[in-house]
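Visitor:
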Amino acid sequence: MELVRHAFRAMGTQILVLVDGSEDAARLAGAVDRVRDTFERLERRCSRFRADSELTRVNRRAGRPTRVSPELAELVSHALAAARRTEGRFDPAVLDAVVGAGYDRDFDEVLAGARVALRPPRPCGRWREVRLEGDRLELPEGVGLDLGGLAKGWTVDRAAEAALAAGLRWVLVNAGGDLRLLGEAPPEGIPVGVEDPEDPSAEVLRLHLTAGALATSSITRRAWGPGLHHLIDPRTGAPAASGVLQATVWAPTCAEAEVAAKDALLRGETALGDVPGVLVLADGRVLTNLDAPEGVAA
Amino acid sequence: MTEAATRRRRLSRGALRAIAWVAGGAAFAAPFAGLTLSPKPATAQADGGGGRRVITVKKITRRIVVQAAPQAPQVRYVYVGGGSSGSSGSSGGGGSSAPAAAPPPATTTGGS
Chain A
255 MELVRHAFRA
265 MGTQILVLVD
275 GSEDAARLAG
285 AVDRVRDTFE
295 RLERRCSRFR
305 ADSELTRVNR
315 RAGRPTRVSP
325 ELAELVSHAL
335 AAARRTEGRF
345 DPAVLDAVVG
355 AGYDRDFDEV
365 LAGARVALRP
375 PRPCGRWREV
385 RLEGDRLELP
395 EGVGLDLGGL
405 AKGWTVDRAA
415 EAALAAGLRW
425 VLVNAGGDLR
435 LLGEAPPEGI
445 PVGVEDPEDP
455 SAEVLRLHLT
465 AGALATSSIT
475 RRAWGPGLHH
485 LIDPRTGAPA
495 ASGVLQATVW
505 APTCAEAEVA
515 AKDALLRGET
525 ALGDVPGVLV
535 LADGRVLTNL
545 DAPEGVAA
Chain B
16 MTEAATRRRR
26 LSRGALRAIA
36 WVAGGAAFAA
46 PFAGLTLSPK
56 PATAQADGGG
66 GRRVITVKKI
76 TRRIVVQAAP
86 QAPQVRYVYV
96 GGGSSGSSGS
106 SGGGGSSAPA
116 AAPPPATTTG
126 GS
């Protein structure tokens, strides 16, 4: 199977568009343009690092209602629903805790500055006080939204839909490891390597994806010191320390997979009782509840 | 009597020579002993400063454990790494070994 790749950077990570090699070049170019436009548009809406983003405006106006775009309202609604579903283990209102842990700027700048924890952690959970009615969004004073990975997964879904609408048979959009496969993919699936969190040059498993999405949460990426990383446990307000180094989870959409991956990282081994995926543990074990391909000897 | 006693107390030439050798040897060794026993100056490494790096080679051993699947999603796995595999739960069986020189995947879960 011959594949064509197109890559660019957006949202602080590499975006990869993968399609069948037999696709018409003009159709492919049109699809890539749609993917790029989708990422640029949603980054302007959802990035907490951009001073001119819609989310930054909402965060600055905490304590007062702000009129937001339907797209941001839908994403925030999705985030609040995920918070309810996970009983707060996924918390979109962790901005204060993330900043307190040292992730207060674009990650390349965080690394350059060799940050340490700035403030002692405090439990989160104030997502319950966020009010969204139609296009009016109001955050309680002192609370900021960090849509981070969820915004990325959401954007991957929208970008894959936009690319498929350009007339492709199938498309895979991968944003820094969070990916969605949409359309009529080859029956043998698209091979996706699950990176070893402690050795990115190695794979712990290889997955064959025929539909849906994969998202990965890892405490070894976007880490800037011992025990300092971007995945905050809302119960403590500190970077998570569950014994799981990395959680890769399958779900029908990338936005759902994003939430499930973070939740699995916090819950640990028990998450595999109801979520399909792969966990890499600090003790060296790799746990999976996925099946091997049919016809392959176990 | 006094003269005789004095004469008896005098050491022989050999004994004097032996004492002289011991004393000379001790005098020679004293500075080295002092250097050996004196406390060492603090090093940059002990201070936690940017001295010589200590390289620790860490070998990662992975063990694949397959658990019962909650559903049958549109994703399957193939084992491509080193190490060993085992199973628990009802799905049975460990992963399947890919050929030694498996082609690279189309994409990965890693990011940058």
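In order, the protein sequence lines correspond to chains A and B. Take 255 as the starting number for the first sequence in the working numbering and just add one per residue. Take 16 as the starting number for the second sequence in the working numbering and just add one per residue. C-beta: ideal position from N, C-alpha, C; glycine also.
1) Could you run through the region 421-455 of chain A and flag, in chain order, every residue whose CB is less than 8 Å away from some CB of chain B?
2) What is the rounded straight-line gap between the Cα of B/Thr76 and the Cα of A/Glu442?
3) Specify whether the region 508-516 of chain A and the region 429-441 of chain A touch according to this definition: at least 3 beta carbon pairs, one from each stretch, less than 8 Å apart.
4) When DSSP labels each residue in this structure, what does A/Asn543 get in the three-state scheme?
5) Would you verify that the beta carbon of A/Thr320 is, or is not, closer than 7 Å to some beta carbon of chain B?
6) Going by C-alpha distance, which of A/Thr507, A/Glu392, A/Leu541 is nearest A/Arg314?
7) Report the partner residues of A/Thr267 according to the DSSP bridge assignment.
8) Just the chain B side, please: which residues come within less than 7 Å of A/Leu544 by C-beta, in chain order?
9) Any beta carbon of chain B sitting closer than 7 Å to that of A/Arg302?
10) Which same chain residues, not among the five before or five after A/Pro319, have their C-beta less than 6 Å away from its C-beta?
11) Are any of the Cβ atoms in chain E nearer than 7 Å to that of B/Val80?
12) Does B/Thr51 come within less than 7 Å of chain A when only Cβ atoms are used?
13) Taking Cβ to Cβ, would you say A/Val348 is nearer than 7 Å to A/Ile486?
14) Pull the bridge partners of A/Glu449 from the DSSP assignment, please.
15) For A/Glu512, which of helix, strand or coil comes out of DSSP?
16) For A/Gly403, tell me which candidate among A/Gly342, A/Asp450, A/Ser323, A/Arg302 has the shortest Cα-Cα distance.
17) Would DSSP call A/Arg434 helix, strand or coil?
18) I'd like to know whether the C-beta of B/Val95 is nearer than 7 Å to at least one C-beta of chain A.
19) Measure the Cβ-Cβ separation of A/Ala285 and A/Leu422 and say whether it is below 7 Å.
20) DSSP on A/Gly396, reduced to helix/strand/coil?
21) Compute the Euclidean distance between the alpha carbons of A/Leu526 and A/Ala515, then round it to the nearest angstrom.
22) List, in chain order, every chain B residue whose beta-carbon is nearer than 8 Å to that of A/Arg460.
23) For A/Ala305 and A/Glu294, I'd like the C-alpha separation in whole angstroms.
24) Cα separation between A/Ala420 and A/Asp287?
25) On the CB-based measure, 16 or more other CB atoms within 10 Å of its CB, does A/Phe344 come out buried or exposed?
26) For A/Thr524 and A/His332, what's the separation of their Cα atoms in angstroms?
27) Select from A/Glu383, A/Leu533, A/Asp517 the residue whose C-alpha is nearest the C-alpha of A/Leu499.
28) If you run the structure through DSSP and keep just helix, strand and coil, what is B/Thr76?
29) Are A/Gly437 and A/Leu463 close, meaning C-beta to C-beta below 7 Å?
30) Once DSSP output is grouped into helix, strand and coil, what is the label at A/Val410?
31) Would you kindly work out how many angstroms separate the C-alpha atoms of A/Leu459 and A/Arg299, rounded to a whole number?
32) Could you check the C-alpha separation between A/Ala501 and A/Ser323 for me, to the nearest Å?
33) Identify the continuous beta strand (DSSP E) that holds A/Val532 and give its terminal residues.
34) Could you confirm whether any beta carbon from chain A is found closer than 7 Å to the beta carbon of B/Gly125?
35) Looking at the structure shown, is A/Ser323 part of a helix, part of a strand, or coil, going by DSSP?
Guide: Checking against the coordinates, here is how it stands:
1) Cβ contacts with chain B: Leu426, Asn428, Ala429, Gly430, Gly431, Asp432, Leu433, Gly443, Ile444, Pro445, Val446, Gly447, Val448, Glu449, Asp450, Glu452, Asp453, Pro454.
2) Here residue 76 of chain B corresponds to residue number 61 of the second sequence, with the count starting at 1. Here residue 442 of chain A corresponds to residue number 188 of the first sequence, with the count starting at 1. One C-alpha to the other measures close to 30 Å.
3) yes
4) In the first sequence, the residue the question calls residue 543 of chain A occupies position 289. Correct three-state label for A/Asn543: coil.
5) The residue you call residue 320 of chain A lines up with position 66 of the first sequence. No, no contact with chain B.
6) Along the first sequence, read from residue 1 onward, the residue named residue 314 of chain A stands at position 60. Checking every option, the nearest Cα to that of A/Arg314 belongs to A/Glu392.
7) In the first sequence, counting from the first residue as 1, residue 267 of chain A sits at position 13. Answer is A/Ala264.
8) Residue 544 of chain A sits at position 290 when you count from the first residue of the first sequence. Within 7 Å Cβ-Cβ: Ala84, Val90, Arg91, Tyr92.
9) The residue you call residue 302 of chain A lines up with position 48 of the first sequence. Closer than 7 Å: no.
10) Your numbering for residue 319 of chain A matches position 65 in the first sequence. Closer than 6 Å at the Cβ level, and outside the excluded window around A/Pro319, lie Arg390, Glu392.
11) Absent from the structure is chain E; the protein chains it does hold are A and B.
12) Here residue 51 of chain B is taken as the residue at index 36 of the second sequence, counted from 1. Not closer than 7 Å to any Cβ of chain A, the Cβ of B/Thr51 fails to qualify, so no.
13) Residue 348 of chain A sits at position 94 when you count from the first residue of the first sequence. Residue 486 of chain A sits at position 232 when you count from the first residue of the first sequence. Yes. Within cutoff.
14) The residue given as residue 449 of chain A occupies position 195 in the first sequence. DSSP lists A/Glu457 as partners of A/Glu449.
15) Position 258 of the first sequence, counted from the start, is the residue given in the question as residue 512 of chain A. Three-state DSSP puts A/Glu512 in a helix.
16) Position 149 of the first sequence holds residue 403 of chain A. The shortest Cα separation from A/Gly403 among A/Gly342, A/Asp450, A/Ser323, A/Arg302 belongs to A/Arg302.
17) Here residue 434 of chain A refers to the residue found at position 180 of the first sequence. Note: A/Arg434 maps to strand in three-state DSSP.
18) Here residue 95 of chain B refers to the residue found at position 80 when the second sequence is read from its first residue. By this cut-off, B/Val95 is an interface position.
19) Against the first sequence, residue 285 of chain A aligns to sequence position 31. Against the first sequence, residue 422 of chain A aligns to sequence position 168. Yes, they are a contact pair.
20) Working through the first sequence from its first residue, we reach residue 396 of chain A at position 142. A/Gly396: coil per DSSP, three-state reduction.
21) Sequence index remark: in the first sequence, residue 526 of chain A carries index 272 (1-based). Sequence index remark: in the first sequence, residue 515 of chain A carries index 261 (1-based). Straight-line Cα distance between these residues: approximately 11 Å.
22) Position 206 of the first sequence, counted from the first residue, corresponds to residue 460 of chain A. Ordered by position in chain B, the residues that pass the 8 Å Cβ test against A/Arg460 are Tyr92, Val93, Tyr94, Val95, Ala113, Ala117, Pro120.
23) Numbered from its first residue, the first sequence carries residue 305 of chain A at position 51. Numbered from its first residue, the first sequence carries residue 294 of chain A at position 40. C-alpha separation (whole angstroms): 15 Å.
24) Locating residue 420 of chain A in the first sequence gives position 166, where the first residue counts as 1. Locating residue 287 of chain A in the first sequence gives position 33, where the first residue counts as 1. Between A/Ala420 and A/Asp287, the C-alpha separation is close to 10 Å.
25) Here residue 344 of chain A corresponds to residue number 90 of the first sequence, with the count starting at 1. Flag for A/Phe344 reads buried.
26) As a working note, residue 524 of chain A is residue 270 in the first sequence. As a working note, residue 332 of chain A is residue 78 in the first sequence. Between A/Thr524 and A/His332, the C-alpha separation is close to 24 Å.
27) Position 245 of the first sequence, counted from the first residue, corresponds to residue 499 of chain A. For A/Leu499, the nearest C-alpha among the options comes from A/Leu533.
28) Within the second sequence, the letter at position 61 stands for residue 76 of chain B. If DSSP states are grouped into helix, strand and coil, B/Thr76 belongs with coil.
29) Here residue 437 of chain A corresponds to residue number 183 of the first sequence, with the count starting at 1. Here residue 463 of chain A corresponds to residue number 209 of the first sequence, with the count starting at 1. Their beta carbons are not under 7 Å apart, which means A/Gly437 does not touch A/Leu463 by this criterion.
30) Working through the first sequence from its first residue, we reach residue 410 of chain A at position 156. Here A/Val410 sits in helix by DSSP.
31) Along the first sequence, read from residue 1 onward, the residue named residue 459 of chain A stands at position 205. Along the first sequence, read from residue 1 onward, the residue named residue 299 of chain A stands at position 45. Taking the straight line joining both Cα atoms gives about 35 Å.
32) Taking the first residue of the first sequence as 1, we reach residue 501 of chain A at position 247. Taking the first residue of the first sequence as 1, we reach residue 323 of chain A at position 69. Looking at the two C-alpha atoms, the distance is approximately 32 Å.
33) The residue labelled residue 532 of chain A in the question sits at position 278 within the first sequence. Residues 531-535.
34) Against the second sequence, residue 125 of chain B aligns to sequence position 110. It does; some Cβ of chain A falls within 7 Å.
35) As a first step, residue 323 of chain A is located in the first sequence; it is residue number 69 there, counting from the start. If DSSP states are grouped into helix, strand and coil, A/Ser323 belongs with coil.
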